[in-house]
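J.:
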Amino acid sequence: MSIDRDDLLENAPCGLLVTDTDDVVIEVNSTFLRWTGYERHDVMGREFHMLLDRGSRAFYATRYQAELWAQSQVQEVALTALRADGTPMPVLVNASMMYASDRPSGIRVAVFDSTARTDYEREMLGAKRLAEASEARVRVLQEASTLFLAARSETELGAAISLSARNAFAATDVAVVAYNADGIGFRPIVGDHLLDLLGAVRNSRPAGSGALGPNEIFHIATLEDAFSRSAAVGERFRAHRAEALSAVPIADGTNVLGAFVCTFGHSRTFEQASDEVQLALARQAGLAFSRVNLQEQLAKMAMHDQLTGLANRALLDERVAHSMAASDRSGESMAILFVDLDGFKAINDELGHRAGDLVLKEVARRMNDVVREVDIVGRFGGDEFLVVCETADRDGAAHVAERLRRVISEPIPGLPEGLGVSASIGIAVHAPDAAVSISADSLVLVADTAMYESKRAGGDRVTFASV
Amino acid sequence: MPTPTPDVLTRNNVHVIGNPDGQPMVFTHGFGGTQESWRFVTPAFESAYRIVLHDHVGAGQADASAYDPSKYDSLHGYADDILEIIDALDLRDVILVGHSVSGIMAVLAANRRPELFSKLVLVSPSPRYIDDDAYTGGFTQESIDELLDSMDSNYLGWSSSLGQTIMGNPERPELAEGLGETISTIDPAIAAQFARVTFLSDNRRDLADVTVPALILQSEEDVIASVPVGRFVHEHIPGSRLVVMPTRGHIPNLSHPDVVIREIQAYLA
């Protein structure tokens, strides 16, 4: 049997081509022409990548060429060729570089029809993608729910939401905000540094737009979209290296509590599937938010007086001890002011407890208004109040006491003529360099005694304790 | 931004070759490539320049465990790595040579820390691949999806994928030397994300901020970054120089290294 090498090349069970180093076809066998339906002159002189579909062309020009030129060959690359009639033909391609006197002189290309294999592959690929997507979805939600459960405060929960959104959606940056009661304003829980961006986006929404609806996701998909909203939004996007943004409402049922906002480093197509994962994450976050809020409320109730909202006795004891310790460490003095209302008993007796409660609330409000930021006002019991002034000397404490005395004695609207209150105040200053160190209880007792001096002298005055 | 550490050099598989006293030239590779993409170009600069090569995290021999999908969802994440490499080696007066998408990373790095750089060389750059109203990038959203499909089919369990191609060309045995260990597999998820970041980013507005002198090398024919795209880059980077080379293809540094070398040398001279 004689072997015809030309026949082997022409009719080999694979397409064979040779291109020059610029990818131009300079030789092609009959098998390739038969498979693709091209005439020889259609293919000769044409660039090989022009025989591929767009996706394959891009892959060919990047990854395939990088490999071929750096490594001199590629093997079993899956590409999609286009037949003469425009139909796609999945192929596997091997190629190797030819050399003439050490310089690349051309490329040998072998093409295998992989239609059957590729159809099967496509199905596998589709199934794989579906499986991966649903697996990823379950994983995201599981990880998030573990993180959310561990959160003990709003701040911790905010950090957990931020981390989950980063991991789940490859977000560049995340802010978590809580809506104010008006449903329009918001405050950041995490992601303060994105406030300028959030503000610009909000300003670009129609006037009066408030919180997102419970299932309403807000998107900006591209940098151009950002600029078309407003130049301010576009510039903020650039400053934060963002090209896309999504805002997802955090709701407990229909009650929208806040939102998480993700920025992304490149343009995005926001699809229903990913929106659903975002919403599912947000629903979990909403439940966790309600739980954490309730916990914080309960904790606050345990430390605060229910009628006035001021610190209660337990919190006051803790604060006095804390401030004294801080004072001992820093060397700066602190003070406490014991305040007892004059004339309160008469109001209670004549107008009843309800009126008395209103007076206590009003006094509490006034006291809170005139103390310094750092001072803590608490209700000691009945009509007795205590003010803890962390870092205050004798003069500072006297100023605070004088403001309190004045504001408390101002008339209270609604009370009949002749009824009203004033304050008897006792001040105890704790100076860390004092020779005798005393306990928190003793300091309160000393202030109480000074208050009693004020009361005995006719009330509406301030007395310093002699410590 | 994380503090640069010597680990950066391991993370990005950094190699420093050439003249230790020479001006530093940092070469950075594009989508689909590794530092091997510069192997035919760097020899021409070794005697005069200190040459720094690296792989992007997720490519070549870089530390894939350092891949942070949040950080690398943006070209800025990669640009930060380039700056960290420069800081870790304490380089100044840097000539930064970037191919394809790395040309844009080079722009972002130079806009962030212009004082580090003396010149930029952008080979086949494109600031935006997708067409919009008044701009032709050459791609549509659909063609990007097709590219991702094409990548997927190349990572789905073929006996030997591109990333695993075994070196060995009988006609050029020297290519095989030491290359066994430089070829590595690429995680398909990372490759797909890099493709999205590359092809879906829009950095047109960053071009105007470039203050470092820049050379743009453009192939006469390039299906990824066409001549009008190269012209766009040139028109938007103030004071840049554009050279349209008589080359075909998107990776002239591999297919026509002699032309690329000549043009870079002429620019640096």
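Chains G and P, in that order, are what the protein sequence lines are.
Basically my numbering = 1-based index in the first sequence + 1399.
Basically my numbering = 1-based index in the second sequence + 820.
Even glycine gets a Cβ: it sits at the ideal position worked out from N, Cα and C.
Just so you know, these numbers come straight off a predicted model, no measurement behind them.
1. Scan the region 1558-1612 of chain G and note each continuous beta strand (DSSP E) run of 3 residues or more that stays entirely inside, going in chain order.
2. If you check the beta carbons only, do G:R1640 and P:S894 fall under 8 Å apart?
3. Going by C-alpha to C-alpha distance, which of P:S857, P:I1057, P:Q961, P:D952 sits closest to P:H876?
4. For G:E1409, tell me which candidate among G:V1424, G:L1432, G:L1818 has the shortest Cα-Cα distance.
5. Quick one: grab the DSSP three-state call for G:E1615.
6. Whose C-alpha, out of G:S1673, G:V1758, G:L1714, G:V1799, is nearest the C-alpha of G:L1540?
7. Does the beta carbon of P:F851 sit closer than 8 Å to a beta carbon anywhere in chain G?
8. What residues of chain G sit near P:N931, judged by a beta carbon separation below 8 Å?
9. Below 7 Å on C-beta distance, what does G:W1468 contact in chain P?
10. Determine the closest residue to P:D888 out of P:F1014, P:I1081, P:Y949, P:L1074, with distance taken between C-alpha atoms.
11. Taking the alpha-carbon positions, what's the G:G1633 to P:L911 distance?
12. Residues bridged to G:E1446 by DSSP?
13. Taking the alpha helix (DSSP H) that G:E1695 falls in, what are its first and last residues?
14. What three-state label does DSSP hand P:V914 in the structure shown?
15. Leaving out five residues before and five after P:L909 in sequence, what residues of the same chain have Cβ atoms less than 8 Å from its Cβ?
16. Can you give the Cα-Cα distance for G:R1482 and G:Y1437, rounded to whole angstroms?
17. Candidates G:V1773, G:A1457, G:R1528, G:G1612: which alpha carbon is nearest P:E966's?
18. Within a Cβ cutoff of 6 Å, which residues of the same chain sit near P:I1071, ignoring the five residues on either side of it in sequence?
19. Tell whether a beta-carbon distance below 8 Å holds between G:F1663 and G:A1679.
20. What is the C-beta distance between P:S944 and P:Q1038, in whole angstroms, given that I count them as a contact (C-beta under 8 Å)?
21. When the cut-off is 8 Å and only beta carbons count, does P:D875 lie next to chain G?
22. Whole angstroms are fine: how far does the CA of P:F937 sit from the CA of P:N1023?
23. Let's see if you can read the secondary structure: which residues bound the alpha helix (DSSP H) around G:D1741?
24. Report yes or no: do the region 1812-1832 of chain G and the region 1790-1798 of chain G share at least 3 C-beta pairs separated by less than 8 Å?
25. Is there a C-beta anywhere in chain G that falls below 8 Å from the one on P:V1017?
26. Can you tell which of G:H1440, G:L1818, G:Q1470 has the C-alpha that lies nearest to the C-alpha of G:G1755?
27. Using only the alpha-carbon positions, how far apart do G:I1713 and G:M1702 sit?
28. Quick check on DSSP: helix, strand or coil for G:E1534?
29. Quick check on DSSP: helix, strand or coil for P:E892?
30. With DSSP as the reference, label P:V927 as helix, strand or coil.
31. Helix, strand or coil, according to DSSP, for P:V943 in the structure here?
32. Which residues in chain P sit within 9 Å of G:Q1671, going by Cβ to Cβ distance?
33. Please go through the region 1438-1502 of chain G and give each complete beta strand (DSSP E) segment of 3 or more residues, from N-terminal end onward.
34. State the CB to CB distance for the pair P:V1079 and P:E1040, rounded to an integer number of angstroms; the pair is presumed to be in contact (CB under 8 Å).
35. From P:R1068 to P:V1043, what does the alpha carbon distance come to, in whole angstroms?
36. Do three or more CB pairs link the region 1675-1694 of chain G to the region 1651-1666 of chain G at distances below 8 Å?
T.: On the basis of the coordinates in this document:
1. 1572-1578, 1585-1589
2. Position 241 of the first sequence holds residue 1640 of chain G. Position 74 of the second sequence holds residue 894 of chain P. In contact: G:R1640 and P:S894 (Cβ atoms closer than 8 Å).
3. Within the second sequence, the letter at position 56 stands for residue 876 of chain P. Comparing Cα positions, the closest option is P:S857.
4. In the first sequence, residue 1409 of chain G corresponds to position 10, counting from 1. The option with the nearest alpha carbon to G:E1409 is G:L1432.
5. By 1-based counting over the first sequence, the position of residue 1615 of chain G is 216. Three-state result, G:E1615: coil.
6. Within the first sequence, residue 1540 of chain G is the residue found at index 141, counting from 1. Looking at the Cα atoms, G:S1673 is the closest of the given residues.
7. The count along the second sequence starts at 1 and reaches residue 851 of chain P at position 31. With 8 Å as the cut-off, P:F851 counts as an interface residue toward chain G.
8. To locate residue 931 of chain P, count along the second sequence from 1; it is residue 111. In chain order: nothing, as chain G lies at least about 11 Å away.
9. Locating residue 1468 of chain G in the first sequence gives position 69, counting from the first residue. Ordered by position in chain P, the residues that pass the 7 Å Cβ test against G:W1468 are I1071, L1074, S1075.
10. Within the second sequence, numbered from 1, the residue matching residue 888 of chain P stands at position 68. Measuring from the Cα of P:D888, the nearest candidate turns out to be P:F1014.
11. Counting from 1 along the first sequence, the entry for residue 1633 of chain G is found at position 234. Counting from 1 along the second sequence, the entry for residue 911 of chain P is found at position 91. Cα to Cα, G:G1633 sits roughly 34 Å from P:L911.
12. On the first sequence, residue 1446 of chain G is found 47 positions in, with the first residue counted as 1. According to DSSP, which records beta bridges pairwise, G:E1446 is partnered with G:V1423.
13. In the first sequence, counting from the first residue as 1, residue 1695 of chain G sits at position 296. First-last of the alpha helix (DSSP H) with G:E1695: 1671-1702.
14. The residue you call residue 914 of chain P lines up with position 94 of the second sequence. It is a strand residue.
15. Taking the first residue of the second sequence as 1, we reach residue 909 of chain P at position 89. Around P:L909: L829, V834, V836, P844, V872.
16. Mapped onto the first sequence, residue 1482 of chain G falls at position 83. Mapped onto the first sequence, residue 1437 of chain G falls at position 38. If you take the alpha carbons of G:R1482 and G:Y1437, they lie about 7 Å apart.
17. Numbered from 1 along the second sequence, position 146 holds the residue referred to as residue 966 of chain P. Answer by Cα proximity: G:A1457.
18. The residue labelled residue 1071 of chain P in the question sits at position 251 within the second sequence. None.
19. Translated into the one-based positions of the first sequence, residue 1663 of chain G becomes position 264. Translated into the one-based positions of the first sequence, residue 1679 of chain G becomes position 280. No; because the gap between Cβ atoms is not below 8 Å, this pair is not in contact.
20. Walking along the second sequence from the start, residue 944 of chain P turns up at place 124. Walking along the second sequence from the start, residue 1038 of chain P turns up at place 218. Between P:S944 and P:Q1038 the beta-carbon gap is near 7 Å, inside 8 Å, which marks them as a contact.
21. Your numbering for residue 875 of chain P matches position 55 in the second sequence. No, P:D875 does not count as interfacial toward chain G.
22. Here residue 1023 of chain P refers to the residue found at position 203 of the second sequence. Here residue 937 of chain P refers to the residue found at position 117 of the second sequence. When rounded, the distance between both Cα atoms is 20 Å.
23. One-based indexing of the first sequence puts residue 1741 of chain G at position 342. Element bounds for G:D1741: not the alpha helix (DSSP H) but the beta strand (DSSP E), 1733-1741.
24. yes
25. The residue you call residue 1017 of chain P lines up with position 197 of the second sequence. With 8 Å as the cut-off, P:V1017 counts as an interface residue toward chain G.
26. On the first sequence, residue 1755 of chain G is found 356 positions in, with the first residue counted as 1. Out of G:H1440, G:L1818, G:Q1470, G:L1818 has the C-alpha closest to the C-alpha of G:G1755.
27. Taking the first sequence and counting its residues from 1, one reaches residue 1713 of chain G at position 314. Taking the first sequence and counting its residues from 1, one reaches residue 1702 of chain G at position 303. In the sequence under discussion, the amino acid at residue 1713 of chain G is Ala, which differs from the Ile named in the question. The straight-line gap from Cα to Cα measures roughly 6 Å.
28. Taking the first sequence and counting its residues from 1, the one referred to as residue 1534 of chain G is at position 135. Helix, per DSSP.
29. Here residue 892 of chain P refers to the residue found at position 72 of the second sequence. Checking the displayed sequence, the identity of residue 892 of chain P turns out to be Tyr instead of Glu. Looking at P:Y892 - three-state DSSP - the assignment turns out to be helix.
30. Working through the second sequence from its first residue, we reach residue 927 of chain P at position 107. Three-state DSSP puts P:V927 in a helix.
31. Within the second sequence, the letter at position 123 stands for residue 943 of chain P. P:V943 falls in the strand class under three-state DSSP.
32. Here residue 1671 of chain G refers to the residue found at position 272 when the first sequence is read from its first residue. Under the 9 Å cutoff, chain P gives no residues; its nearest Cβ is about 16 Å from G:Q1671.
33. Listed in chain order, they are 1472-1481, 1487-1499.
34. Looking up residue 1079 of chain P in the second sequence gives position 259. Looking up residue 1040 of chain P in the second sequence gives position 220. Not a contact, Cβ separation roughly 10 Å.
35. Mapped onto the second sequence, residue 1068 of chain P falls at position 248. Mapped onto the second sequence, residue 1043 of chain P falls at position 223. Straight across, the Cα-Cα distance linking P:R1068 with P:V1043 is about 9 Å.
36. yes
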